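Enquirer: Please see the structure below; I have some questions.
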Ligand code: FCB
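Numbering (this note's numbering), first residue to last: 3 to 454.
If you want it as C-alpha cells, here you go:
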C-alpha cells in the first residue's frame, strides 16, 4: 500500500542565498562575511567562492520551472541581508528588495508557496567588523532588517523562518572557526548564542507587529542523540548533548529559558545575560522547522574536555557506523528523523512542524545520455520519507518536507565538491539537469504518497 500523506502537505525543496545566487556585487549588494571568508585563501576547499555559484540571481526562472516540473508546492529560499541593507543598517536598498519581490511573484504565479528564511548565514561584513553576533547591538539591528523585509514582502509571503540553524552558524563561525567569520573563541561563541536568542525574540515581535497574519518559525538543526553505552555517564552526556545541540535556541524561544545542559549550571556572566533577557528572548513560534542530517552517538569523556568543550561538550564521537555513508561521510540512518520528530512533539506539546531540510550528498554525474541516475539518493529519500510518515502516524504534526537541496550548490567550507541537489548543476555553464531522484521525488509530491 502506498503511504498517503495528510491533505495539503507541502512538498518542497530548499536553498540558501549565498549557496546559489552568485551576483555577489550586483545591484548595490554589500559584502557579507561569506564573501570575505571565501575570498580569504585557505578557508574554503580548492579556493571555491560563491561569487557565481548557480547564478540563481539571474537564472531563478529556470529554478522555478524545475520546481514546477516536479510538481512541488513549496520553495524554501533565503534572503541575503547585505542585498537589503548593504552595511547592515539604514535605509533599504530598493534593488535588493525588488529582486526578492520578482522571485516571490514568479513563485506565486507558478502556484508554489514562497517560504523564505531571513538569515541563512550571510551577515553583512560591516556588522561583523563591529563585533558580529557576540555584540548585543546586533539583536536590534536584525529586528530592523526583519521589519524592512516583512513590510516589503509580507503582503504576498505568509510563511517565514527567522534563522537557519542557529546552533551551527554560532558553533562553526565563532567556536570552531570552520565557517565565516572564522573565529575560535569560546567566550565569543557563548555570547553569540545569547545575542542570537535575543535577536530571535526581537525579530519575532517586529514581524508580528508589522503584520498580524504571518506564520513564523525558525529552521533548527537537530540530530537524534543516542548514548554510546548503557552507562549512566554516557546517558547523562547524551542528554546534555541533546539539550545543547537541539534545544539551546528552541527552549529560549518557546519557553523563555535555557535548557539545563551545563553540569555546573548556566554560565550567565560568560554569556553576558542581563536582567530582562529571558522575557526578551521569548518568541512563541507558529511552527518549528527541523533540519536533520545525522544522529549523534554520544560518549562521556573523562575530564572537562578542554576550553572548547565549555563544560558541556566533552562527549566524544558524533555519528554511527551502522548505516551506509554519503559522500560527506554522514551516516544514512532514517530512524533519526522519526526519533527527533516524536521527541520534539512530546516535549513541546505537539507543535506544528515543517521539515525544512533533509538530504544527502552524492557526486553522481550525467552519463552519455545526459541522465543523472542517482539511485542512492532515491533510496535515501525513500527511507527518510518513510520515517516521516511513521512519525505522523505516531502523532507528530508535520506540515511539510523540503529536500536539501533543489540544486547542487556551494557547500560552505567544502566548496562545490559536495553535491546535495535533486538537480545537477554544471558550474562552468550554469546548465541544470533534473536528476532521477528529482523525477522520483516529483512523483511522490504529485501523488502525495510514498509508493511501495
Ligand atoms: C545545513 C545547512 C545547509 C546545507 C546543508 C548540507 O547545515 O543549513 O545550508 O549546507 O547543511
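Glycine included, every Cβ here is placed at the ideal spot set by N, Cα and C. The structure presented is a predicted model; accordingly, all values stated were derived computationally and were not measured.
(1) Would you mind reading off the limits of the alpha helix (DSSP H) that contains residue 176?
(2) Check whether the Cβ atoms of residue 14 and residue 76 lie closer than 8 Å to each other.
(3) What are the start and end residues of each continuous alpha helix (DSSP H) run of 4 or more residues lying completely inside the region 160–228, in chain order?
(4) Using the Cα positions of residue 393 and residue 339, report the straight-line distance between them to the nearest angstrom.
(5) Using a 10 Å radius around the Cβ and a threshold of 16 neighbouring Cβ atoms, would you call residue 316 buried or exposed?
(6) Check each candidate in 111, 90 and 23 and name the one with the smallest Cα separation from residue 69.
(7) Would DSSP call residue 127 helix, strand or coil?
(8) With distance defined between alpha-carbon atoms, name the residue in 64, 334, 228 and 85 nearest to residue 102.
(9) Would you tell me roughly how many angstroms separate the C-alpha atoms of residue 343 and residue 42, rounded to the nearest one?
(10) Is it buried or exposed for residue 294, if we count other Cβ within 10 angstroms and need 16 for buried?
(11) Give the list of continuous beta strand (DSSP E) stretches no shorter than 3 residues that lie fully inside the region 7–79.
(12) Quick one: which unbroken alpha helix (DSSP H) runs of 4-plus residues sit fully inside the region 259–307? Chain order, please.
(13) Ends of the alpha helix (DSSP H) at residue 442?
(14) Can you give me the C-alpha to C-alpha distance between residue 202 and residue 220, rounded to a whole angstrom?
(15) Rounded C-beta distance between residue 409 and residue 17? I'm assuming under 8 Å.
(16) Are residue 176 and residue 126 close, meaning C-beta to C-beta below 8 Å?
(17) Are residue 272 and residue 337 closer than 8 Å when you measure CB to CB?
(18) Looking only at DSSP bridge pairs, what is residue 406 linked to?
Expert: Here's the rundown:
(1) It is not in any alpha helix (DSSP H) - residue 176 carries neither H nor E in the DSSP assignment.
(2) yes
(3) 168–172 and 188–212
(4) 8 Å
(5) Residue confidence is low: residue 316 scores 47 on pLDDT, short of 50, so the model does not pin down where it sits. Its coordinate-derived value is still stated next. It is buried - the Cβ of residue 316 has at least 16 other Cβ atoms within 10 Å.
(6) The option with the nearest alpha carbon to residue 69 is 111.
(7) In the three-state DSSP reduction, residue 127 falls in the helix class (H, G or I).
(8) Comparing C-alpha distances from residue 102 to each of 64, 334, 228 and 85 shows the shortest one belongs to 85.
(9) Their Cα atoms are separated by approximately 39 Å.
(10) buried
(11) 12–16
(12) The qualifying runs are 270–273 and 279–282.
(13) Looking at the DSSP string, the run of the alpha helix (DSSP H) that includes residue 442 is 438–449.
(14) 9 Å
(15) Here residue 409 really is in contact with residue 17; their C-beta atoms are around 6 Å apart, less than 8 Å.
(16) no
(17) no
(18) 16
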